[in-house]
Amino acid sequence: MSPSGPGRLLYATIFLLVTIDFLQSGMTAFAAGPLMGELGMAPEDFSLAAAVYASVAILSISMQRWFVERLGPRRFVQYATAICAGGAVLCAISDDFSSFLAGRAVMALGGGALFTSARMMVHHALAGPARFVGIKYLVGGVALNTAAAPWLASLAVSHEKWSAIYWLVAALGGLAVLLASVVLHDRPLVEPELRSRPDLWPQIFLISGSFLLLYALQRFYYDFYGNVLFIWVAMALAVVGLMFYGRTQHVGDNPILRVRHMLNVRYVSGVALFMFVYMMLGANNYMVPMMLQRTLGFAWATVGNFEALGFAGGALAWWVVMRTLPRHPAPRKFLVVAFLALAVFGALLSGIDGQADMWRDILPALAIYSLFIPIVMPVAAVSTFRELDYDASVFANAQQMKNMLAQIGVALGITLATLGQQWRTTAHYAVLNERVASNDPIYVEIFQKLQESLATVTDAAPAAQMATAQVAQLLARESALLAHIDYFRLVAVLGLAGVLVTLIQRVFR
């Protein structure tokens, strides 16, 4: 995807496409609770919308190269951003679940492949030092919008203007259409006889398998015990469908994704690293706000402001990496620092208690975590695709495959985090409840003080009932907090494991 003339407008276009992708997903995820309240959605409905968005995005990403070969870079980016902007408008004016679902599906159809398009603009339009500048804008967009998304979402909702989330995305989409008209060309990338040839059935299996897998993963949180057979059957069908799709791409003469040409050790290792990163991104983006809002009781707007402030440290990490990487490109040292940051983040948050202070306990941990993504992503991007530069089509397909798996990685991270949270909360509640039932002196004293305090405003019998209810709430809060502590201990262990694997592996040295 080449420009008509490289320059600042090209870099701005790359940054803007990344902004649309990461900003809309980050704001939607952070504003999930208020959105459900405003539109009358149950959690299951929001889960369905997330699965629909991701599965349509996977289909869109898989077809990105195919469309560019036929439409040309300019028209593809224009059409994609215009469709995404149209979907954002549908979301902004929606007043119920069905209209919101339709808007998210349209957004995914147009916006799903924007990050892939931005990456291919870097590869095709820029060479030498200019290419690295393009990567700076790409990764900078990820870092800055990861920080900006929670703040902008909290700002919109706190002013009772939740629709501003999507009006902003629509405006950015319109700007991207204008920029694409200036910097991109419409010349075909390959001759017609060399274009990939799609087959309808594999694409149907791809979107169906993706939806079933993502929806089943989302349903684990809401419906595991009530509908376990349906969930496992859906997952089995999804795996079969995706395996069929993968086989058609591997053995076909000229498939949409030339899988067999990208299966080397470096690429597979890099994709595994990206999958881990996206799983951690999904899990932490779910667990951190949940702990701060529901368990520790901080105001929703406060959480958004502090997340933005903490994640702003990612901009500093991005600046340091972008200045250091060209002169010292060996990836191992960067990965060690990134995984150490992840480990320290987990260790800090695993040491909090019910009296945690946002400035003293939470903000430093968020600032350290903000180093993880801006360090890992550019290093992994430079290292993973090094052996695929020989063929532009294979390189593009490798980017598409990585970004398709990213959608699944985020969903898988959220699912594993929610299941782990449920399991550990239940286990801790059982232990704490046993202590109450066995007349543990600490809980007996708490109960007596509550009962005496409530007896001053009501009769003895209602006071005892109210004290019992408050003790039950205390147990639920304590068990949830202990479950969060378990999770962040696991994050610390995974960070240390990442350091160990980085030191002993021989692929990214």
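Mapping the sequence shown onto my numbering, position 229 (from 1) lands on 1157, and the numbers just tick up by one. Quick reminder that beta carbons are idealized off the backbone N, C-alpha and C, glycines included.
Out of the options, which has the shortest C-alpha to C-alpha gap to residue i?
{"i": "residue 1005", "options": "1358, 1114, 1226", "result": "1114"}
{"i": "residue 1101", "options": "1283, 950, 1356", "result": "950"}
{"i": "residue 1106", "options": "1009, 1264, 1299", "result": "1009"}
{"i": "residue 1336", "options": "946, 1142, 1164, 1276", "result": "1142"}
{"i": "residue 1278", "options": "1420, 1093, 1248, 1291", "result": "1420"}
{"i": "residue 1235", "options": "1216, 1271, 1128", "result": "1216"}
{"i": "residue 1021", "options": "1061, 1094, 1073, 1012", "result": "1094"}
{"i": "residue 1174", "options": "1075, 990, 1307", "result": "990"}
{"i": "residue 1057", "options": "1428, 1227, 935, 1427", "result": "935"}
{"i": "residue 1251", "options": "1212, 1196, 1214, 1307", "result": "1307"}
{"i": "residue 1245", "options": "967, 1298, 1205, 1276", "result": "1298"}
{"i": "residue 1280", "options": "1224, 1018, 1240", "result": "1224"}
{"i": "residue 1067", "options": "1042, 1188, 1243", "result": "1243"}
{"i": "residue 962", "options": "1092, 982, 1369", "result": "1092"}
{"i": "residue 1289", "options": "1274, 1136, 1302", "result": "1274"}
{"i": "residue 1003", "options": "1014, 1032, 1045", "result": "1045"}
{"i": "residue 1029", "options": "1043, 1082, 1072, 956", "result": "956"}
{"i": "residue 1283", "options": "1311, 1259, 1220", "result": "1220"}
{"i": "residue 969", "options": "1342, 1233, 1024, 1188", "result": "1024"}
{"i": "residue 1017", "options": "1032, 1295, 1050", "result": "1032"}
{"i": "residue 1186", "options": "1362, 1178, 1309", "result": "1178"}
{"i": "residue 1053", "options": "1014, 959, 1112, 1082", "result": "1112"}
{"i": "residue 1436", "options": "1369, 1199, 940", "result": "1199"}
On the CB-based measure, 16 or more other CB atoms within 10 Å of its CB, does residue i come out buried or exposed?
{"i": "residue 977", "result": "buried"}
{"i": "residue 1354", "result": "exposed"}
{"i": "residue 1089", "result": "exposed"}
{"i": "residue 1318", "result": "exposed"}
{"i": "residue 938", "result": "buried"}
{"i": "residue 952", "result": "buried"}
{"i": "residue 906", "result": "Within the shown structure, residues of the chain are numbered from 929 to 1437, placing residue 906 beyond reach of any answer."}
{"i": "residue 1358", "result": "exposed"}
{"i": "residue 1324", "result": "buried"}
{"i": "residue 1038", "result": "buried"}
{"i": "residue 931", "result": "Interpretation of residue 931 is limited by its pLDDT of 46, a score under 50 that renders its predicted location unreliable; the figure taken from the coordinates is listed afterwards. Burial call: buried."}
{"i": "residue 933", "result": "At residue 933 the pLDDT is 46, less than 50, meaning the model places this residue with poor confidence and gives no usable figure here."}
{"i": "residue 1064", "result": "buried"}
{"i": "residue 1327", "result": "buried"}
{"i": "residue 1311", "result": "buried"}
{"i": "residue 1401", "result": "exposed"}
{"i": "residue 1287", "result": "exposed"}
{"i": "residue 1432", "result": "exposed"}
{"i": "residue 1267", "result": "buried"}
Is residue i helix, strand or coil when you go by DSSP?
{"i": "residue 1112", "result": "strand"}
{"i": "residue 991", "result": "coil"}
{"i": "residue 932", "result": "Here residue 932 scores only 45 on pLDDT, less than 50, and its place in the model should not be relied on; the value that follows carries that caveat. Correct three-state label for residue 932: coil."}
{"i": "residue 1306", "result": "helix"}
{"i": "residue 1088", "result": "coil"}
{"i": "residue 1224", "result": "coil"}
{"i": "residue 1254", "result": "coil"}
{"i": "residue 1311", "result": "helix"}
{"i": "residue 1229", "result": "helix"}
{"i": "residue 1433", "result": "coil"}
{"i": "residue 1301", "result": "helix"}
{"i": "residue 1283", "result": "coil"}
{"i": "residue 953", "result": "helix"}
{"i": "residue 1443", "result": "Since the displayed the chain opens at 929 and closes at 1437, residue 1443 lies outside it and no answer follows."}
{"i": "residue 1259", "result": "coil"}
{"i": "residue 1127", "result": "coil"}
{"i": "residue 1423", "result": "helix"}
{"i": "residue 969", "result": "coil"}
{"i": "residue 1345", "result": "helix"}
{"i": "residue 959", "result": "coil"}
{"i": "residue 1243", "result": "helix"}
{"i": "residue 1332", "result": "helix"}
{"i": "residue 983", "result": "helix"}
{"i": "residue 1000", "result": "coil"}
{"i": "residue 975", "result": "helix"}
{"i": "residue 1407", "result": "helix"}
{"i": "residue 1278", "result": "coil"}
Is the closest heavy atom of the ligand HEM to the C-beta of residue i under 7 Å?
{"i": "residue 963", "result": "Although the ligand HEM was asked about, the structure shown includes no ligands whatsoever."}
If we cut at 8 Å on Cβ distances, does residue i have a partner in chain D?
{"i": "residue 1312", "result": "The structure shown contains no chain D; it holds only a single protein chain."}
Check your understanding: Fully enclosed by the region 1005-1079, which alpha helix (DSSP H) runs are 4 residues long or longer?
Key -> As far as the region 1005-1079 is concerned, its whole alpha helix (DSSP H) runs of at least 4 residues are 1025-1039, 1042-1053.
Review point. Which runs of the beta strand (DSSP E) fall wholly inside the region 1135-1215 and span at least 3 residues, in chain order?
Key: DSSP runs (the beta strand (DSSP E)) wholly in the region 1135-1215: none.
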